[in-house]
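Chemist: Each residue of the sequence shown is one higher than the last, beginning at 22 in my numbering.
Sharing a structure here in C-alpha cells format.
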Amino acid sequence: MPSPINRPVMTCSYANAATLAQHVAGGVVTNAEEAYRFVYLYGPAAVGKTTLLSEIERKIGLVSPEKKVKRFSLYDFTSSLLDAMKAGSIDAFRAELTGCCDVLLLDDLHFLEGKPATQEELARTLDALLAAGKRVVLAGEKPLYAYTALDAHMTSRIAASTMVAMEYPDFDTLAGLAKSQLLDMGIPFDPAVPERIAEVTGNLAALQGAMNQIRVQEVFHFVPLTKNNIDSILAGRTE
C-alpha cells in the first residue's frame, strides 16, 4: 500500500488556463512526472473540473489510444458498486477497475461523505491502481480540510495526491478560450465574436456548452461568425 506523501497545492486562477491544461491534463496524459500520477482537482461548481476531466480523457484517446480510461461520477461509481454487491459480483467489479484500467477519472468527490461502503471500496481501488503505477484524477468541490465525514483511510489517500485549486475564469480568459476553440474548429470569425461569447456565457461550463452549440450549428450552416449572427447561433442563451 503506498504511503501518503506531501504534495504541492497548485492554484490555477484561470488567468492561466492554458498552463493548467498543459501542466495537469498534459502531465496526466503523458505520465511524464510522478506528481501528475495522482491529482485532485477542487473548486466550486461550473469552474471547469468536469471539462478538464473530459479534456484529459480526449487527449489520452488521441495520444495513447491503447490506454483504458474509466470515467465515473461519484454517483455512477456508487451505483455500480451497490449493483455489484447486490449481485454478488464484487470481485468482478474490482477486477474491471483495477485490472482493466490505466487511468481512473472520478468526478463529484464531494458526494463521498456519508457513504462509508463507497469510501472503503474507493480507497481499496486507489491503493490497487496507484500500487500498479496507474493514473488517477479525482475532482470535487471542496479542499481536503473541508471534508468532515471521510474515514482516515480515504483522507490519507486524498492527502497523497497533488491538489490543484481551481477558480473561476475572468472575462479575458473566457474570451481567449473561446478564440482558441474557434481556431481549433477552423471556423472564420470576426474579432468581436470571442468577447461576445464570453459575455453570454460567464463561466467555463457555459462556455463549453456554447462552443458545442456553435459546432452543431456550423455542421449545417458553415458561415463566418459575426457580431450580427452570433446571438442567433447562441439562441436560448441571449434574449
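C-beta: ideal position from N, C-alpha, C; glycine also.
1. Under the criterion of a Cβ to heavy atom distance below 7 Å, does residue 76 qualify as lining the ligand NAD?
2. Helix or strand or just coil, what does DSSP make of residue 165?
3. Classify residue 142 as buried or exposed, calling it buried when 16 or more other Cβ atoms lie within 10 Å of its own Cβ.
4. Using C-beta distances below 8 Å, list every residue in its chain close to residue 254, excluding the 5 sequence neighbours before and after it, in chain order.
5. Do you know how far the Cα of residue 171 is from the Cα of residue 97?
6. Counting C-beta neighbours from all protein chains within 10 Å, is the total for residue 39 16 or more, i.e. buried, or is it exposed?
7. Is DSSP giving residue 189 helix, strand or coil here?
8. Select from 214, 94, 77 the residue whose C-alpha is nearest the C-alpha of residue 86.
9. Which of the three DSSP states is assigned to residue 94 in this structure?
10. By a C-beta neighbour count over all protein chains shown, 10 Å radius and 16 as the cutoff for buried, is residue 121 buried or exposed?
11. Can you tell me whether DSSP reads residue 210 as helix, strand or coil?
12. Three-state secondary structure (DSSP) at residue 247?
13. Name the residue from 145, 94, 221, 201 whose alpha carbon lies nearest to the alpha carbon of residue 5.
14. Helix or strand or just coil, what does DSSP make of residue 156?
15. Round the Cβ separation of residue 95 and residue 158 to the nearest angstrom and send it over; I've been treating them as touching at under 8 Å.
16. Report the residue from 92, 161, 138 whose alpha carbon sits nearest the alpha carbon of residue 68.
Modeler: From the atom records:
1. Among the components of this structure there are no ligands whatsoever, and the ligand NAD is therefore not found.
2. helix
3. buried
4. 234, 235, 238, 246
5. 19 Å
6. Caution applies to residue 39, whose pLDDT of 39 falls short of 50 and renders its modelled position unreliable; the value that the coordinates give is listed next. It counts as exposed.
7. Judged by DSSP in its simplified three-state form, residue 189 adopts coil rather than helix or strand.
8. By alpha-carbon distance to residue 86, the top candidate from 214, 94, 77 is 77.
9. strand
10. exposed
11. The answer is strand: DSSP assigns residue 210 an E or B state.
12. coil
13. Outside the modelled stretch of the chain, which goes from 22 to 260, sits residue 5, for which no answer is possible.
14. strand
15. Actually they are not in contact, since the Cβ atoms of residue 95 and residue 158 sit about 13 Å apart, beyond 8 Å.
16. 161
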